[in-house]
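Per our numbering, the very first residue in the sequence shown carries number 36; after that it's consecutive.
Idealized CB from N, CA, C, for every residue including glycine.
Here the structure is a predicted model, which is why all the values come from computation and not from measurement.
Note sheet for the following structure.
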Amino acid sequence: MTTQPGKPPLADLFAAALRKRDENGGRHLHHRDCIHNLPPERQVAMRGKTTEWWTRIIGPLPVQITPDQWETEPPQWEET
């Protein structure tokens, strides 16, 4: 898996995010690095779907949050 210098591999970020969710009783808390900061179309694309598919199968597009909706600090990844 490729990554940018000084940035963790995506697998490490996902693991950190899952740990943080587990610490919060399974609830996702919004933060500055959260996918929900992105426009709805980008959130859908990052999940490998099209907006057409999303609205047909899931329903309304996801909502973009604003900084006043952040609830926690981003997950911290552990360097190995």
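(Q) Within 8 Å, do at least three Cβ pairs link the region 101-113 to the region 74-83? (A) no
Q: Note down the Cα distance separating F49 from W105, rounded to an integer number of angstroms.
A: 19 Å
Q: Take the Cβ of W88 as the centre, count every other Cβ of all protein chains shown within 10 Å, and call the residue buried at 16 or more, exposed below.
A: exposed
Q: May I have the straight-line CA-CA distance separating I92 from Q78, to the nearest angstrom?
A: 15 Å
Q) For N72, which of T107, P44, V98 has the nearest alpha-carbon? A) For the residues T107, P44, V98, the minimum Cα distance to N72 belongs to V98.
Q: My understanding is that H66 touches R56, with C-beta atoms under 8 Å, so please give their C-beta distance in whole angstroms.
A: With a Cβ gap of about 11 Å, H66 and R56 do not count as contacting.
Q.
Among the candidates G94, A46, L53, whose CA atom is the shortest distance from the CA of P75?
A. G94
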